[in-house]
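J.: Those protein sequence lines, which keep their order, are chains A and B. Just so you know, the first sequence maps onto residues 0 to 1334 in numbering that gives the first Met the number 0. Just so you know, the second sequence maps onto residues 0 to 192 in numbering that gives the first Met the number 0.
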Amino acid sequence: MVGIMNPVSREKLASLSSSVKFAIDLGSKLELCRQLKHDLLEEDAADLSEFLPSIFDLYSDPFGPVRKFATEIIGEIGVKHLEFVPEIAPFLITVLEDATPAVARQSIACSIDLFRHTLEKIAIRGLYSSELDSDLESSWSWMLKLKEKIYSIAFQPGSGGIRLVALKFVEAVILLYTPNPNGSPEPPPNEGTTIEFNITWLRGGHPLLNVGDLSIEASQRLVLLLDQLRFPAVKSLTTSVIVVIINSLSAIAKKRPAYYGRILPVLLSLDPPSFVIKGVHVYGAHHALKNALLSCLKCTHPSAAPWRERILGALKEMKPGGLADQALNQVHKINGSVEEEKDDSLLIKEEKPLTKAYDAAGSNVGRKRSGTEDSSDLAEKDEVSGKRVKATPSVSEESTKELNRDITVSQGDISSTQSSTRKVDVDTGPVQQLVGMFGALVAQGEKAVGSLGILISNISADLLAEVVMANMCNLPPTHPHTDTDDELLEDMCIVGSDTQAKYPQSFLADVISLSSTFPPIASMLNSQQSVPNKIVKTEGEEEVDVVADPNSALAYAGMAHEDENALLATDLPVSPNIVLPGMKIDLPTPSDIHDTGNLESGIPGLDSSFRNDGLSDTQAASSLVSTDIEDASQEQATSFGGKSPLHVLPSISIDRSEELSPKAAVTDSSSMVSSTATSVVSSCPFVLPKMSAPVVNLSEDQKDDVQKLAFVRIVEAYKQIAVAGGSQVRSSLLAYLGVELPSELELQKVLREHILSDYINHEGHELTLRVLYRLFGKAEDESDFLSCTTAASAYETFLLAVAETLRDSFPPSDKSLSKLLGEAPRLPKSVLNFLGCLCSPGISEKAEESQSGDRVTQGLSTVWSLILLRPPIRDVCLKIALQSAVHHLEEVRMKAIRLVANKLYPLQSIAQQIEEFAREMLLSVVNVDATERIGAEGLISESHKDSDLEKSSNEHQSMSSISKDISADVHQSETSHSGSSPSVPEAQRCMSLYFALCTKKHSLFGQIFIIYSSASKEVKQAIHRHIPILVRTMGLSSDLLEIISDPPSGSENLLMQVLQTLTEGTVPSAELIFTIKKLFDSKLKDVEILVPVLPFLPGDEVLLLFPHLVNLPLEKFQAVLTRLLQGSAHSGPVLTPAEVLIAIHGIVPERDGIPLKKVTDACNACFEQRHIFTQQVLAKVLNQLVEQIPLPLLFMRTVLQAIGAFPALVEFIMEILSRLVSKQIWKNPKLWVGFLKCALLTKPQSFSVLLQLPPPQLENALNRTAALKAPLVAHASQQNIRNSLPRSMLAVLGLAPDTQSSSQAQTSQAHTGDTSNSEKDAAVTEKPKESSSAS
Amino acid sequence: MKFRYAMVCSSNQNRSMEAHSLLKKQGFDVSSYGTGAHVKLPGPSLREPNVYEFGTPYKHMFDDLRRKDPELYKRNGILPMLKRNLSVKLAPQRWQDNAADGCFDIVFTFEEKVFDMVLEDLHNRDQVLLKSVLVINLEVKDNHEEAAIGARIALDLCEQIEDVESWEDSIDDIMVSFENKHRRKLLYSISFY
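#1: Report the residues of the segment 48-68 of chain B with a CB closer than 9 Å to any CB of chain A, ordered along the chain.
#2: Going by the beta-carbon positions, is the gap between A121(A) and L207(A) smaller than 8 Å?
#3: Counting pairs of Cβ atoms below 8 Å between the segment 1281-1291 of chain A and the segment 1255-1265 of chain A, do you hit three or more?
#4: Consult DSSP for S188(B) and reduce its assignment to one of helix, strand or coil.
#5: Once the 5 residues before and after L1102(A) are set aside, which same chain residues still bring their CB inside 6 Å of it?
#6: For A790(A), collect the residues of the same chain with a Cβ closer than 7 Å to its Cβ; drop the 5 residues on either side in sequence, then sort them by chain order.
#7: Please work out which residues of its chain come closer than 7 Å, Cβ to Cβ, to S235(A), disregarding the five sequence neighbours upstream and downstream, and give them in chain order.
#8: For the segment 178-186 of chain A and the segment 158-169 of chain A, state whether three or more C-beta atom pairs, one from each stretch, are separated by less than 8 Å.
#9: Quick check on DSSP: helix, strand or coil for S137(A)?
#10: Taking only beta-carbon atoms, is I92(A) less than 8 Å away from chain B?
#11: If you draw a straight line from the C-alpha of G74(A) to the C-alpha of L91(A), how long is it?
#12: Can you grab the Cα-Cα spacing for the pair V1337(A) / R182(B), in whole Å?
#13: Quick one: grab the DSSP three-state call for K1157(A).
#14: Any contact between the segment 287-294 of chain A and the segment 203-219 of chain A? By contact I mean 3 or more CB pairs, one from each, below 8 Å.
#15: Which of helix, strand or coil does DSSP assign to T108(B)?
#16: Thinking C-beta only, is A1266(A) closer than 8 Å to L1239(A)?
#17: Consider the Cβ of I87(A): report whether some Cβ of chain C lies at a distance smaller than 8 Å.
#18: Starting from D28(B), follow the alpha helix (DSSP H) in both directions and report where the run begins and ends.
#19: Give the straight-line distance between the Cα atoms of L129(B) and H37(A), rounded to the nearest whole angstrom.
#20: For S786(A), decide whether its Cβ has a neighbour in chain B, counting only Cβ atoms nearer than 8 Å.
#21: Hey, does P91(B) have any beta-carbon neighbour from chain A nearer than 8 Å?
#22: In whole angstroms, what separates the C-alpha of A252(A) from that of S302(A)?
#23: Taking any Cβ of chain A, which residues in the segment 69-101 of chain B have a Cβ under 8 Å from it, in chain order?
#24: Could you pull the DSSP bridge partners for N136(B) from this structure?
#25: Apart from the five residues just before and just after L1071(A), which ones in its own chain have a Cβ nearer than 6 Å to its Cβ?
#26: Is it buried or exposed, F916(A), if we count other Cβ atoms within 10 angstroms and call 16 or more buried?
#27: Taking 8 Å as the threshold (C-beta atoms), are L113(A) and D160(A) in contact?
#28: Leaving out five residues on either side along the sequence, give the residues of the same chain with a beta carbon under 6 Å from the beta carbon of Q12(B).
#29: Do you know offhand how far C32(A)'s Cα is from H300(A)'s?
#30: Would you be able to state if there are at least three C-beta pairs under 8 Å between the segment 36-54 of chain B and the segment 800-815 of chain A?
#31: Leaving out the 5 sequence neighbours to the left and right, which residues in its chain are closer than 6 Å to A217(A) when beta-carbon positions are compared?
#32: How big is the Cα-Cα spacing for L1235(A) and T1264(A)?
#33: At least one CB of chain B closer than 8 Å to the CB of S1335(A): is that the case?
#34: Is E795(A) near R74(B), with beta carbons less than 8 Å apart?
#35: Relative to chain A, which residues along the segment 138-153 of chain B have a C-beta separation below 8 Å, given in chain order?
#36: Roughly how far, in whole angstroms, is the beta-carbon of C989(A) from the beta-carbon of V924(A), given that I think they are within contact range, below 8 Å?
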């Protein structure tokens, strides 16, 4: 395309580049750049040349990213149009100096591309023509300048991040300058084709480029690179530079093996310890070096070969990881080594034990046939045995592996046991040492019994278990776990007594007891001892005197029983019965083999052992195998039939019977056994030669079955011998097996059943913990997701199942559950849920209410101990407890509250959370809106609950979220059964916890005052119910005083109740009284609050308060009255009744602002209590009152009431009246009316008083109270009286001829008083009526 | 966010996805990969894992496992994990096949084996762009809890890396301060695209 540039696009480009320049923000600039780049690369050279300057211009942009982009664009233009190189290269050189590292790096990145392309172009051009145009030459010289500049960056110390790329540039140039052995040696036939450039093309000569020079330069640069890693220089490098250099060097070494010999010495001498650069972070470099060495190792070039050993050595020192191992293995493969195993290192270690194990088996086989004339016969005919015979400790790995397989198959061994022993093999150095120690001790025989015992008793059960497990690999590949003590004992005895009778019984017994204490040792010894024997034997060079060697005798015994028991245990087809004959007994005729049933029944005890093992259910599964074995044994039997001397099979027959008397003394049992054995021998009709073990190919399923049955048998056997002690070792072993064997077998279920079938007697707790720790260790240990998750899941299932069973099968008072949860390594979510259900019955539907109470206690005490013992899950446990503390059943709730308030709240660390929660619950009751809101939140949080809980296990959950969570739950249930305002029980449910906390921290009480005003009626009721108990428990504290001193408005009723409770039956403290008085004076004018403390106030203060008291509602006043008069138990009455009445009379309604009605009511209230306000009291009161000036308003009313109440007082009243007369009572119109009333009421006694009145007043009186006149006149007419009366008086009475005028005046005066008082009069007349009706 | 991040573990399920999910929420430009040959998820037992090909949608796995044993897979956290994953992206991706996804600036691995595989893969690619890539290994145990912790730590580290102008200049300092802060050993390497 020859370009006349489209004017539109030209314009567009111009505008683009200018808009890039003028765009304001970075984002739009970059976007424009992108567009520009896209458009520019479409253009061709001629037009671009126009634009280059404007693009260079872009570089002046202040934004680093824009400059970077500009550089990138220019670089790409350069690559596409190499003719611009002379312009672009200088530009790139300037960019190298850019202050922004990213831009400078971009420059280098562009440079390498440009450099490569220029080099290729020049090289190829030169190949096809002898002369190059000057343009190219100048391009090249510019590129060289650029290159030098970058070199200087690469090798200049301390140039930071840009240096990394520069170093990479050096690597790229070195690679370009050196011939690629794998590349095409010939240049492409024509210029157009693209194959990877190779400098070798230029060998033939080039006008500009000299291969030799280039190569010299490359190696110089390489030397520079290598120098960086040499000792003094390397110290000054940063890790990142070292990493990059190492990576580059290894890449060069790999791609240019010619340099292998120069690079590797440097890499190898890079001593990891010297990586302690600036004291920190050496892993990166170390790792890079490791990987570099590994990749070098893979190099197949001949020049690499000499280095291999050294690299391997260095790598071994560095302990390469998984990938490295693989690589190593690959290398081994390349090296043509025979090994095919992946983890060769493991195998190498394994080789020995396996061989040993095999040897043991082999020797076993050999031994069994010790009586046969021709042992090699078997070897010839039995291929498997033949192979084994050849096996020696130095056997090649391949054959070992095969052997391994053979053994596994033939013995029906458990593959995973092997793998686990492998692990032990590798991991446990100390354990192996211990095993060796045991071995050595056992080898000493009798002498070492004591020290062995001491050793065993001194190491921990777990370690012992490890030793046992480690020792497994020393066993013949049969299954030794079945060795119960007794079986072993008995087996040994029998064999010993049978074939080696010349040994003293005592020695045997010793050995036996020794072995029974630690069975595998014996077998280990066996295997060790049997090796030489076997070799000798199988090689057929000489006969070994078996009998002469005590150790081999022991070995023999061990082997024999191992074999048999293994078969028993793994439960090969129809169990031992068939196999045993197959193994040891050569049947006289083939038909007998088929007739195994008869054979079985012919041997006493076999049947029972079969049944006892409880394995009958597996018969079907194993039947298949049994046929195999039958076939095998048949075949062998036929081939060897009749050849061997007679051998009897004694051991199994008494197997079980022996177990039934496990406690029998060793010597006893052995003698008994031997006698039994003898009898069996004599009675047994089958006389059979020995044979080798049949080889049975088991399918995976069958293996699984076999493993499972073995395990079940172990478990069952352990049940039988539980009394024998040593349970620690056994439970360690059980746990180990249960966890290590493949999980598909559900062995853990078996184990669980075992544990739970008798938790206490089987030491269930210990065993469970062992299993849990094993599983937990697995879950934590495994880095791989699969095993990790599986183990965690198994852990959870196991723990939950045990916990549930403990709950269901033990009484609530049992502590097992608590102990288990307290000691389990981790409590997963489901277990916590389980605990939650226990503490809050009804959360899940299936909770049984029947025994909830005790269960709740159990759950709560568990929670408590968990909170104390397991800080990490404290929050979750607390949540459980809190949830229970707001449970809808009061019984549950109170239990939980007791726990929370008494036990948990005092814990500093969680008090805050508890408080928050309680407050939240409290507020939820008050604020219905809030309830609904939180309820809605609850729905959401419910749905997210799972994830929340998940997190809570490892991350600290804030307390608010906890409380919200719970309250959310709670609210949900709450809102579901109560609409808006909570009922009283509901309110109590939510508040009880808070109240309980108040008793612990009194300042919390204030909150109740605050919410009180806004609480609904039901809530208030609930609060009031709580208060007496609460306040009584709290007592008066400074906190409470403070609350009382400033109660929020609206809480008066509450305050009253609190005060009442506080003062009930005790003397309130001075502070309280002071506080209340202060409150009354300052804030709360309601005198009611003073009522509770009234009895404790000084009398004069009370008197001051009296108007307020009178103003109270009547019933309250009555109460006050009672209080005042009774006083407190300690201080006696505050006021005497007389004082009370006087105080009442002291009230002036107008002055004190108290309705008269209240005052009269108060009086009435007093009069109602006649037993208090007695005649005497009244007399006293009246006596005092009458002296008061002015007279109390109600005085006459009281007088009237007094007469009404106590007529006997009339004499006294007369006296009062006469005193009133002397006080000129008539001057007080109100009282005057009362006076007259009284006089009327008390006639005729009052006549004498009336007659004491001055005549005008008398007249007035008579006028007012007409009813008085006649009786008074009659009274006065009595001679003696009449005589004593003055004339004026008589005139008033109309008893004397009077002077009208004076009487007229009197009348008129009286009249005026009368009219003015007419209203009051009416009132007064009313009152007596009232009072009489009241009384 | 100036860098492109890749989170890599073996199956692109747990650790890398936890980090992917978290970083994505924080607005990072992030992808995630696995280096294994297959995607393996726990099954009813160790011997019977659920094996899927890379590229199988998480949704498919989710439905598959829910059909098989909802109780088990819910309890061991697999279903919740898949649910999270399917909200992050469609399907697990394999690191070795990600050439088309462009260059990353920072690659996080969560296991040394994976780290080595990523590096090896990068070294085996044609390193022509000279674009540096930082590969960091943060050892994280492959379970749900640790993955969550690991993701938070990775996020923290990413934020520190974002904060500096160019990691090439300050990576050692970042690493040192990080190790001091979290008490975790980091491994890093630098490779090039």
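For glycine and all other residues, C-beta sits at the position ideal for the given N, C-alpha and C. From a predicted model like this one, the values you see are computed outputs, not experimental measurements.
T.: Let's see:
#1: P48
#2: Start at 1 with the first residue of the first sequence, and residue 121(A) comes out as number 122. Start at 1 with the first residue of the first sequence, and residue 207(A) comes out as number 208. One detail in the question is off: residue 121(A) reads as Ile in this sequence, not Ala. In this structure, L207(A) lies closer than 8 Å to I121(A) by Cβ.
#3: Yes, the segment 1281-1291 of chain A is in contact with the segment 1255-1265 of chain A.
#4: Counting from 1 along the second sequence, the entry for residue 188(B) is found at position 189. The answer is strand: DSSP assigns S188(B) an E or B state.
#5: As a position in the first sequence, residue 1102(A) is number 1103, starting the count at 1. For L1102(A), where only same-chain residues beyond five positions count, the Cβ hits under 6 Å are A1142.
#6: In the first sequence, the residue the question calls residue 790(A) occupies position 791. Same-chain partners within the cutoff: L774, K777, A778, E781.
#7: Residue numbering aside, residue 235(A) sits at position 236 when the first sequence is read from its first letter. So the list reads P156, once near-sequence residues are dropped.
#8: In short, these stretches do not touch, since the Cβ pair count stays below three.
#9: Locating residue 137(A) in the first sequence gives position 138, where the first residue counts as 1. In this structure, S137(A) counts as helix in the three-state DSSP scheme.
#10: To locate residue 92(A), count along the first sequence from 1; it is residue 93. No - not a single Cβ of chain B is within 8 Å of the one on I92(A).
#11: For this step, residue 74(A) is matched to residue 75 along the first sequence. For this step, residue 91(A) is matched to residue 92 along the first sequence. In this structure, the straight-line span from the alpha carbon of G74(A) to that of L91(A) is close to 8 Å.
#12: No information on residue 1337(A) is available, as it lies outside the stretch 0 to 1334 that chain A covers here.
#13: Numbered from its first residue, the first sequence carries residue 1157(A) at position 1158. Three-state result, K1157(A): helix.
#14: no
#15: Translated into the one-based positions of the second sequence, residue 108(B) becomes position 109. Reduced to three states, the DSSP call for T108(B) is strand.
#16: Locating residue 1239(A) in the first sequence gives position 1240, where the first residue counts as 1. Locating residue 1266(A) in the first sequence gives position 1267, where the first residue counts as 1. Yes, they are a contact pair.
#17: Of the protein chains in the structure, A and B, none is chain C.
#18: Residue mapping note: residue 28(B) aligns to position 29 of the second sequence, counting from 1. No alpha helix (DSSP H) holds D28(B); the beta strand (DSSP E) holding it covers 28-33.
#19: Here residue 129(B) refers to the residue found at position 130 of the second sequence. Here residue 37(A) refers to the residue found at position 38 of the first sequence. Straight-line Cα distance between these residues: approximately 21 Å.
#20: In the first sequence, counting from the first residue as 1, residue 786(A) sits at position 787. Yes, because at least one Cβ of chain B sits closer than 8 Å to the Cβ of S786(A).
#21: Your numbering for residue 91(B) matches position 92 in the second sequence. Chain A, which has no Cβ nearer than 8 Å to the Cβ of P91(B), makes this no.
#22: On the first sequence, residue 252(A) is found 253 positions in, with the first residue counted as 1. On the first sequence, residue 302(A) is found 303 positions in, with the first residue counted as 1. Each residue's Cα considered, the two are about 10 Å apart.
#23: L71, R74, N75, G76, I77, P79
#24: As a working note, residue 136(B) is residue 137 in the second sequence. Its beta-bridge partners are T108(B), L186(B).
#25: Locating residue 1071(A) in the first sequence gives position 1072, counting from the first residue. Non-local C-beta neighbours of L1071(A) in its own chain, meaning closer than 6 Å and more than five positions away in sequence, comprise L1035, ordered along the chain.
#26: Reading the first sequence from its first residue, position 917 is the one you call residue 916(A). Buried.
#27: Residue 160(A) sits at position 161 when you count from the first residue of the first sequence. Residue 113(A) sits at position 114 when you count from the first residue of the first sequence. Strictly speaking, residue 160(A) in this sequence is Gly, with Asp absent from that position. Not closer than 8 Å, so no.
#28: One-based indexing of the second sequence puts residue 12(B) at position 13. So the list is empty, once near-sequence residues are dropped.
#29: Here the question's residue 32(A) lines up with position 33 in the first sequence. Here the question's residue 300(A) lines up with position 301 in the first sequence. C32(A) and H300(A): Cα-Cα distance of roughly 47 Å.
#30: no
#31: To locate residue 217(A), count along the first sequence from 1; it is residue 218. So the list reads I173, Y176, T177, once near-sequence residues are dropped.
#32: Here residue 1235(A) is taken as the residue at index 1236 of the first sequence, counted from 1. Here residue 1264(A) is taken as the residue at index 1265 of the first sequence, counted from 1. So the two alpha carbons sit approximately 7 Å from each other.
#33: Since the displayed chain A opens at 0 and closes at 1334, residue 1335(A) lies outside it and no answer follows.
#34: Within the first sequence, numbered from 1, the residue matching residue 795(A) stands at position 796. Within the second sequence, numbered from 1, the residue matching residue 74(B) stands at position 75. In this structure, R74(B) lies closer than 8 Å to E795(A) by Cβ.
#35: K140, D141, N142, H143, E144, A147, I148
#36: Position 990 of the first sequence, counting from 1, holds the residue named residue 989(A). Position 925 of the first sequence, counting from 1, holds the residue named residue 924(A). Between V924(A) and C989(A) the Cβ distance is about 4 Å, and since that is below 8 Å, they are a contact.
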